[in-house]
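Reading through the C-alpha cells given below for one structure.
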Amino acid sequence: MIYGGIISHEPNMIEKSLPIAVVAIEGECLKSFLMRSAYVYGVGTDRLLQHCLSGQGQGRNAPSYGSVDALTVSLDTDVIAKLSEALCIPTDDLLRLTLTTQYQSIGSRSTACTGAAKELETSEEIPNQQLRFGWCPLCLMEDRVEGGHHYLRPEWTLVFTTMCTAHERPLIGRCQTCYHFVASPEYALYRDQMALICPHCFTPLDGRLGYDFVANKDAHAWNTDETVHTVWNKITTYEKLFLKALSRRAGRSKAQRIVSEVGELLDLLLHAEKPNDFRPVDVFDSAYFPSPAKLGLATRHLMHPFHVCHLVERRKAIAILICILDDSSEEFGFEQGVQPMHRIRELMFRDTYNRFERHVLNIAKIALPI
Ligand SMILES: [Zn+2]
Ligand SMILES: [Zn+2]
C-alpha cells in the first residue's frame, strides 16, 4: 500500500522523512501515538516502526506488536533518536509518552499483560503477552465531543488500575457491541476525527456504555445505582493512591511500600495452588464483581507474577483486599457474616496463608501514623 508515495511495502522505495508530522496528544501513550501516526500514513503500526527504526526498511528486525508495547514502557536513546527524526517529533515529546516517564517507579510487576485461560462463557482464548489496554468509554466519548481524536491513556495498562480515575467507572476490555475481547484496537476515521474501533465489528469503543460480564439490563441499572457508585469510588480512591506512588521516583516512601505489598497480595489472591484449582478470588461472590469462570486449570498459560489476568479479576482482587484492610466486605456485596480472612485461610495452604497474613500485617504497620 502506498500513501503519498512515502511509505511503501517495496523496501527500496522508502524515503526517510514522512510528509506530515502527527502531533502527540497530551496524556497519550506511545502505542496510541504510533497507531495514530501509522493510520495517518496508511500503513500498519509494525510497518511504520520498521520504517522508523531500521532506516532501510529491510524485512529483518521487523518489530512485532510486542515491541511496540516494550517501547511504550520505556525508550532507549537510539530508538528515541530514530523515532524523533523519522516522525518529526522532539525527543522530549516522545519521552513524555512512555510509562517510565509518567510513572517513574514503574517496574515489570506494575504493567499488566493480556492473556488468561479460556473462559466458560465465551470459550475465547485471549492473546498473551501484550500490554493490556482497558478503556473508559466516557473518556473516549469526551475526546470526540471536544473535537479531538481518541487516544489510549498510559495508566490503562497498569496492574493497579482497573477504574477510570476521572469518571470512577470500571475500565472495560471487551467491545460492548459484539463482546469480543479487544487486545489491540484499530483506528478509523469518523468525519475528521480518528476513533478507536473494535477490530471485530468495527464499532467505535465509545459506541456503547457497558460493563464487562454484566448484562445490558443490569448495566443500565448500575449507571444510577448509588451503592455501586460508592463501591467504585472506594476502589478509585485506592487506585489513585497507587498511581500517585508509582508516579514518584522509586524509593521507600510509605505509599510505595504499600503498593509493593498490595502487589504481593494480589498475586496470592489470583493464584491457584496445586492440586487445588480454585483461586481465592474465585470463592468470593458479589453481584458488583462478576468474574468469568475459567476452563481447566485457572493458571494455565500464566506465569508468576500473575499480571496476566482479566481486568474484572484484578478489580475483584483489589476489592477483596480493600474489604480486608477496611473490614468492609458487606459494603462491597461479598457474603455477609464471613470474615474474608477466614475464607482465605480455609483455602490456602498454611505457608501461603502465613505469607498472605504477613503482607496484610505489613500494610497495617506501614499505614500506622507514626
Ligand atoms: Zn474515564
Ligand atoms: Zn466489536
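Each residue of the sequence shown is one higher than the last, beginning at 561 in the numbering used here. Think of the CB as a built atom: it goes at the ideal place given N, C-alpha and C, for glycine as much as any other residue.
If you check the CB distance, residue 819 and residue 720 come in under 8 Å.
The stretch 779-793 makes no contact with the stretch 657-664; the number of CB pairs closer than 8 Å stays below 3. Residue 725 and residue 608 have their alpha carbons spaced roughly 32 Å apart.
Judged by DSSP secondary structure, residue 750 falls within the beta strand (DSSP E) whose first and last residues are 746-750. For the set 661, 638, 610 and 737, the Cα lying nearest the Cα of residue 810 is the one of 661.
Taking a contact as a CB-CB distance under 8 Å, the pair residue 817 and residue 666 does not count as one, their CB atoms being some 16 Å apart. Collapsing the DSSP output to three states places residue 756 in a strand.
The residues 644, in chain order, have a CB closer than 7 Å to that of residue 650 in the same chain once the five nearest residues on each side in sequence are set aside. When DSSP assignments are scanned along the stretch 729-813, the uninterrupted stretches of alpha helix (DSSP H) that are 4 or more residues long and fall wholly within it turn out to be 776-782 and 786-807.
Taking C-beta separations shorter than 7 Å and ignoring five residues to either side along the sequence, the partners of residue 754 in its chain run 596, 599, 709, 710 and 747, following chain order. A distance criterion of 7 Å places the beta-carbon of residue 738 beyond contact range of ligand 1, judged by its closest non-hydrogen atom. Proximity of the stretch 694-713 to the stretch 837-845 falls short of the contact definition, fewer than three beta-carbon pairs being nearer than 8 Å. Secondary-structure assignment with DSSP links residue 718 through a beta bridge to 671. Annotation for residue 824: 919 place their beta carbon closer than 6 Å to its own, counting only its chain and skipping 5 residues before and after.
Taking the Cα positions, residue 846 is about 40 Å away from residue 749. Counted as a single uninterrupted DSSP element, the alpha helix (DSSP H) harbouring residue 651 occupies residues 651-655. Exposed is the label assigned to residue 581, since fewer than 16 other Cβ atoms lie within 10 Å of its Cβ. Going by C-alpha positions, residue 850 is about 24 Å away from residue 803.
Residue 723 has 730 as its beta-bridge partners, per DSSP. In terms of side-chain proximity, the C-beta atom of residue 710 is found no nearer than 7 Å to any non-hydrogen atom of ligand 2. A residue is called buried once 16 or more other Cβ atoms fall within 10 Å of its Cβ, and residue 770 is buried on that count. Counted as a single uninterrupted DSSP element, the stretch harbouring residue 908 is not any alpha helix (DSSP H), since DSSP gives it neither H nor E. Taken atom to atom, the span from the alpha-carbon of residue 737 to that of residue 871 is near 18 Å.
When DSSP states are grouped into helix, strand and coil, residue 899 belongs to the coil group. Taking all protein chains shown into account, residue 929 has fewer than 16 neighbouring C-beta atoms within 10 Å of its C-beta and is therefore exposed.
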